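Numbered as in our numbering, the sequence shown ends at 1894 without a single skipped number. Backbone N, C-alpha and C define an ideal beta-carbon position, used for all residues, glycine too. Predicted model, so just to flag it, every value in this text is computed and none were measured.
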Amino acid sequence: MFVSVILLWLCVWLIILQLKARRPKNFPPGPTTLPVLGNLLNINLENPLQDFERLRKSYGNVYSLFLGPKPAVIINGLKVMKEAIVIKATDFAGRPQDMFINDVTQRKGVIMADYGQNWKEHRRFALMTLRNFGLGKKSMEDRIHDEIRYTVKTLEQSVGETLRPQVMFHNAGSNIICHVLFGTRYEYDDKMIKTIVQCFTENSRIANGPWTMLYDSIPLIRNLPLPFKKAFKNVEICQNLISRLVEEFKKTRVPGEPRHFVDCYLDELDKKGDSTSFSEDQMIMYCLDLHFAGTDTTSNTLLTAFLYLMTHPHVQERCQQEIDMMLGGKDRVSFEDRHSMPYTQAVIHEVQRIANTAPLSVFHATTKDTELMGYAIPKGTLIIQNMMSVLREEGQWKFPHEFNPENFLNEQGEFVKPEAFMPFSAGPRVCLGEGLARMELFLMTVTLLRKFKFIWPEDAGEPDFAPVFGITLCPKPYSMKVQLRSKQ
1407 MFVSVILLWL CVWLIILQLK ARRPKNFPPG PTTLPVLGNL LNINLENPLQ
1457 DFERLRKSYG NVYSLFLGPK PAVIINGLKV MKEAIVIKAT DFAGRPQDMF
1507 INDVTQRKGV IMADYGQNWK EHRRFALMTL RNFGLGKKSM EDRIHDEIRY
1557 TVKTLEQSVG ETLRPQVMFH NAGSNIICHV LFGTRYEYDD KMIKTIVQCF
1607 TENSRIANGP WTMLYDSIPL IRNLPLPFKK AFKNVEICQN LISRLVEEFK
1657 KTRVPGEPRH FVDCYLDELD KKGDSTSFSE DQMIMYCLDL HFAGTDTTSN
1707 TLLTAFLYLM THPHVQERCQ QEIDMMLGGK DRVSFEDRHS MPYTQAVIHE
1757 VQRIANTAPL SVFHATTKDT ELMGYAIPKG TLIIQNMMSV LREEGQWKFP
1807 HEFNPENFLN EQGEFVKPEA FMPFSAGPRV CLGEGLARME LFLMTVTLLR
1857 KFKFIWPEDA GEPDFAPVFG ITLCPKPYSM KVQLRSKQ
C-alpha cells in the first residue's frame, strides 16, 4: 500500500513537471512558473503596470513571464526598445495571432494584422489615402477646425459653470476620424455613433479585464459562456452598422471620384478584384480599427492635458501668453504655428509623456528566431513593450516622475524632443495616425486656451492623477470650470 501511494505521488509529480512551463535555453529570466497558470499569480490581471515595474527591478530590462503556457518577453528602457523595434525592426514586427483580440476581430483590420505582404499593402494604402485626404495639408486642418467649432460652442454654453469634458472630447475625436472615414460628422446624440462608442467602451473594458487574460492563457475555457462572449456580440453589432453605411455609400458613389476613405477602398477593390487581401469584410474591420484608434487615444490625451493645465495654472497662463503673442490678430491657429510656440509645444509633448496613453503599446511578436540583448528569442514569442519604462526612464528626462514642460526645452528655451519620447511607438509598426493625432492635439489645445480659462472647481476636492487602466489609460472622470478670457 505504501509503495502504491509513493508511486501515485511520483506520477502526479511527473505530470505536474510536464505541465509546468519551461524557459527555453538562454531565454530571458523571470519568476518561477506554476503548472497551467504560468506566472498569472505574479501580476494583477486588472492592472499589471506596477507589477511589470516591480519585476523589471528584480530581473532587468528584458525579462519573461508565462501567461499560462504561453511565454512573453517584457521589454523596458530606451536601449532595449531601440534594439527590438528600430534596429531589429522586422524581427519584432509581428503580431500575436492566437489571442482574444484576434478572435474578436476575426483576424481582420490593420492593428492586429500579422507582419507580411497583406499588412504592407493595407498600410501603404492607408498612408496614401490619408495623404490624399489632406493629412499634413490645409484641408485636414479645415476638417479639424470645423469640429473644434462644436467644442467651442459646448464650452460657451457652460461659461461660469462646471462641466464634465469626457463626452465632449470623445465626440470631437470621433467626428474628426468619421470625417476622414465616411466624409461626414455626426450629431453627438446620433444613434449609430452612440452605439459604436458604447460597444468600444465595453470591449476596451473586457479586453483589459481578468477574463481576457484567462482566455489568452487557458484555451480550454474559450467556448464557455463567460463574460468575454459579450465582446464578440459588440463587434458583430458594429460590423452590421458599418456594413449598412457602406451599402448607402454605394448608391451615390462615382468610381474614381472618392469622397472619403470608404470610397477609396471600394475603388481599390475595383482595381484589384478578388485575388487580393482587400475585401469588404476587411474594409469594415479596418474602419472600426481606425475609428477606435483615432478616437480613444486623442480624447484621453486631451482629458489628461486639461486636467494638468487646470491643476498647474502657471503652465496654462504661460501657454496663453505665448499664444496671444504669436497669433496676434490671426483668425485661427494653423499647425505651422507650432514652430513659433516652443513652450506650448513642450506642454503638449509633456502631456503625452505623462499620460502614457497606450501603456503597453500594441503587443508584438517575433517573426523569426532572433536575439535581444544577448538573449535567444524564438519565433512567435509574444513581446510586450512597457512604455512607462521609457517615458519615465531615469537619465533620459530632466524630471522623469513629474509633470514639467522643461523636459522638452533646452537652456535657450527652444523646443527639443528627446530620443526617449515614443508615445506612438516606433519602427515599421509606428502608429498609423500619428500625424493626425499631433495635429488634433495642437489645434484643439491652442484654440481652447486662446478663448477660455480652465479652472479646477473649488468644491471638487483634491485632483486624482492616477489613471484608469485599459487598452488606453485615461484620467478618472473630473469636472472643469470654464471662463471666457478677458483678452482675446
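Can you tell me which of the three DSSP states residue i falls into?
{"i": "residue 1666", "result": "coil"}
{"i": "residue 1598", "result": "helix"}
{"i": "residue 1822", "result": "coil"}
{"i": "residue 1892", "result": "coil"}
{"i": "residue 1533", "result": "helix"}
{"i": "residue 1478", "result": "strand"}
{"i": "residue 1741", "result": "helix"}
{"i": "residue 1472", "result": "strand"}
{"i": "residue 1593", "result": "coil"}
{"i": "residue 1583", "result": "helix"}
{"i": "residue 1766", "result": "coil"}
{"i": "residue 1727", "result": "helix"}
{"i": "residue 1440", "result": "strand"}
{"i": "residue 1555", "result": "helix"}
{"i": "residue 1433", "result": "coil"}
{"i": "residue 1519", "result": "coil"}
{"i": "residue 1466", "result": "coil"}
{"i": "residue 1735", "result": "coil"}
{"i": "residue 1634", "result": "coil"}
{"i": "residue 1628", "result": "coil"}
{"i": "residue 1619", "result": "helix"}
{"i": "residue 1460", "result": "helix"}
Using DSSP bridges, identify the partner residues of residue i.
{"i": "residue 1880", "result": "1874"}
{"i": "residue 1800", "result": "1803"}
{"i": "residue 1886", "result": "1569"}
{"i": "residue 1783", "result": "1776"}
{"i": "residue 1791", "result": "1481"}
{"i": "residue 1500", "result": "1771"}
Taking residue i as the reference, which of the options has the closest Cα?
{"i": "residue 1556", "options": "1729, 1537, 1838 and 1576", "result": "1576"}
{"i": "residue 1738", "options": "1676, 1763, 1688 and 1850", "result": "1850"}
{"i": "residue 1720", "options": "1809, 1774 and 1800", "result": "1809"}
{"i": "residue 1732", "options": "1838, 1724, 1746 and 1740", "result": "1746"}
{"i": "residue 1878", "options": "1521, 1607 and 1725", "result": "1607"}
{"i": "residue 1801", "options": "1789, 1826 and 1793", "result": "1826"}
{"i": "residue 1546", "options": "1574, 1585, 1692 and 1818", "result": "1585"}
{"i": "residue 1503", "options": "1786, 1654 and 1435", "result": "1786"}
{"i": "residue 1860", "options": "1460, 1464, 1482 and 1562", "result": "1562"}
{"i": "residue 1779", "options": "1463, 1468 and 1462", "result": "1468"}
{"i": "residue 1529", "options": "1553, 1601, 1695 and 1653", "result": "1695"}
{"i": "residue 1527", "options": "1641, 1495 and 1671", "result": "1671"}
{"i": "residue 1605", "options": "1569, 1623, 1642 and 1595", "result": "1642"}
{"i": "residue 1500", "options": "1492, 1630 and 1520", "result": "1520"}
{"i": "residue 1689", "options": "1852, 1702 and 1674", "result": "1674"}
{"i": "residue 1821", "options": "1637, 1753 and 1685", "result": "1753"}
{"i": "residue 1479", "options": "1736, 1848, 1782 and 1834", "result": "1782"}
Assign residue i to buried or exposed, taking buried as 16 or more other Cβ atoms, counted over all protein chains shown, within 10 Å of its Cβ.
{"i": "residue 1490", "result": "buried"}
{"i": "residue 1565", "result": "exposed"}
{"i": "residue 1728", "result": "buried"}
{"i": "residue 1791", "result": "buried"}
{"i": "residue 1487", "result": "buried"}
{"i": "residue 1667", "result": "buried"}
{"i": "residue 1418", "result": "Low confidence applies here, because residue 1418 scores a pLDDT of 41, under 50, leaving its location unreliable and the question unanswered by this model."}
{"i": "residue 1662", "result": "exposed"}
{"i": "residue 1474", "result": "buried"}
{"i": "residue 1815", "result": "buried"}
{"i": "residue 1447", "result": "exposed"}
{"i": "residue 1887", "result": "buried"}
{"i": "residue 1533", "result": "exposed"}
{"i": "residue 1873", "result": "buried"}
{"i": "residue 1424", "result": "The predicted position of residue 1424 is uncertain, since its pLDDT is 40 and thus under 50; a value taken from the coordinates is nonetheless stated next. By the neighbour-count rule (16 or more Cβ atoms within 10 Å), residue 1424 is not buried but exposed."}
{"i": "residue 1632", "result": "exposed"}
{"i": "residue 1415", "result": "With a pLDDT of 44 at residue 1415, under the threshold of 50, the modelled position of this residue cannot be trusted, and the question is left open."}
{"i": "residue 1573", "result": "exposed"}
{"i": "residue 1591", "result": "buried"}
Any heavy atom of the ligand MG closer than 8 Å to the CB of residue i?
{"i": "residue 1545", "result": "By its list of ligands, the structure shown contains no ligand whatsoever, and the ligand MG lies outside what it can speak to."}
Secondary structure, alpha helix (DSSP H): runs of 4+ residues fully inside the stretch 1811-1867:
1840-1857
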